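What follows is a single structure, written as structure tokens, with notes after it.
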Amino acid sequence: DQQVKQNSPSLSVQEGRISILNCDYTNSMFDYFLWYKKYPAEGPTFLISISSIKDKNEDGRFTVFLNKSAKHLSLHIVPSQPGDSAVYFCAAASSGNTPLVFGKGTRLSVIA
Amino acid sequence: DTGVSQDPRHKITKRGQNVTFRCDPISEHNRLYWYRQTLGQGPEFLTYFQNEAQLEKSRLLSDRFSAERPKGSFSTLEIQRTEQGDSAMYLCASSFLDHYGYTFGSGTRLTVV
Chain Y
1 DQQVKQNSPS
11 LSVQEGRISI
21 LNCDYTNSMF
31 DYFLWYKKYP
41 AEGPTFLISI
51 SSIKDKNEDG
61 RFTVFLNKSA
71 KHLSLHIVPS
81 QPGDSAVYFC
91 AAASSGNTPL
101 VFGKGTRLSV
111 IA
Chain H
113 DTGVSQDPRH
123 KITKRGQNVT
133 FRCDPISEHN
143 RLYWYRQTLG
153 QGPEFLTYFQ
163 NEAQLEKSRL
173 LSDRFSAERP
183 KGSFSTLEIQ
193 RTEQGDSAMY
203 LCASSFLDHY
213 GYTFGSGTRL
223 TVV
């Protein structure tokens, strides 16, 4: 039973345009959400997070939106750059410090 | 501090052999996590430690798997009697208590032949 779902295995975007990566979750106990980025042969690196008390968090070119009623979050990257090409993982946890639960990832390709 | 280190980076072993992986976390981090990632999947939780105490183990962690974190510093993950299904990337991460921004190592890729 997958609690965190990333239904798009891949996404291609032109350089300079917006990339939108989506994530859905099923566990209503989740109250903290993160995005990680992974390059080949490296471990995932933390990108941005959001707690359930907020519906938006911004950090430079990266913005995460949370829709609790729909159990949906998205990561927006504007403008997209070739160096953003990587696999992006959505992750979630519930208070009480349970370990992070990850989605399967979306491979983003930014085309110059 | 150079981040989270994992050793070895790659391991090829024959089915039935035992293997041991090592993880050196960021020294100030109380928590250490082991995850496993197979092709096309996200990282799947195996177990985690707070200091030297092992606080949680996933159902994925069969009795052939054992993890330790003596003295609350480095950790080892041992797999006994390896099977082909154990082939995966084994990721270690560390964090401060109550902090979800885990720092991951580069992983150990295990291939069981």
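Just so you know, the sequences run in chain order Y and H.
Under our numbering, the residue at position 54 of the first sequence is numbered 54, and the numbers go up by one with no gaps.
Under our numbering, the residue at position 51 of the second sequence is numbered 163, and the numbers go up by one with no gaps.
We treat Cβ as the ideally placed atom computed from N, Cα and C, and that holds for glycine.
Just so we're clear, the structure is a prediction, and the values are computed from it rather than from any experiment.
8 Å Cβ cutoff, residue i in contact with chain Y
i, result
"GLU190 of chain H", "no"
"GLU164 of chain H", "no"
"GLY217 of chain H", "yes"
"TYR202 of chain H", "no"
Test: residue i CB closer than 8 Å to a CB of chain H
i, result
"LEU49 of chain Y", "First, the amino acid is wrong: residue 49 of chain Y is Ser here, not Leu. Yes, SER49 of chain Y counts as interfacial toward chain H."
"ALA41 of chain Y", "yes"
"PRO147 of chain Y", "Summary: the structure shown does not reach residue 147 of chain Y, with chain Y confined to residues 1 through 112, and so no result is reported for it."
"PHE62 of chain Y", "no"
"PHE89 of chain Y", "yes"
"PHE30 of chain Y", "no"
Residue range of the unbroken beta strand (DSSP E) whose run includes residue i
i, result
"MET29 of chain Y", "Careful: MET29 of chain Y lies outside any beta strand (DSSP E) and carries neither H nor E."
"ARG221 of chain H", "220-224"
"SER12 of chain Y", "10-14"
"TYR145 of chain H", "143-149"
"ARG65 of chain H", "Nothing about residue 65 of chain H can be read from this structure; chain H reaches only from 113 to 225."
"LYS123 of chain H", "122-125"
"ALA165 of chain H", "165-169"
"ASP136 of chain H", "131-136"
Interface partners of residue i on chain H, CB under 9 Å
i, result
"LYS104 of chain Y", "GLY152, GLN153, GLY154"
"LEU100 of chain Y", "TYR145, TYR147, PRO155, PHE157, ALA205, TYR212, TYR214"
"LEU34 of chain Y", "TYR212, GLY213, TYR214"
"ALA93 of chain Y", "TYR212"
Contacts that residue i makes with chain Y (C-beta to C-beta distance below 9 Å)
i, result
"GLU168 of chain H", "THR98, PRO99"
Beta-carbon separation (whole angstroms), residue i vs residue j, contact threshold 8 Å
i, j, result
"LYS68 of chain Y", "ASP24 of chain Y", "Their Cβ separation, rounded to whole angstroms, is 12 Å, which puts LYS68 of chain Y and ASP24 of chain Y out of contact at 8 Å."
"LEU203 of chain H", "GLY219 of chain H", "5 Å"
Chain H residues whose Cβ lies nearer than 7 Å to that of residue i
i, result
"TYR46 of chain Y", "Per the sequence shown, the amino acid found at residue 46 of chain Y is Phe instead of Tyr. Correct list: GLY213, TYR214."
**Prompt:** Which full runs of the beta strand (DSSP E) of 3+ residues lie inside the region 36-66 of chain Y, going along the chain?
**Reply:** 45-51, 56-59
**Request:** Report the residue ranges of all beta strand (DSSP E) runs contained in full by the region 185-217 of chain H; include only those spanning at least 3 residues, in chain order.
**Result:** 187-191, 200-207
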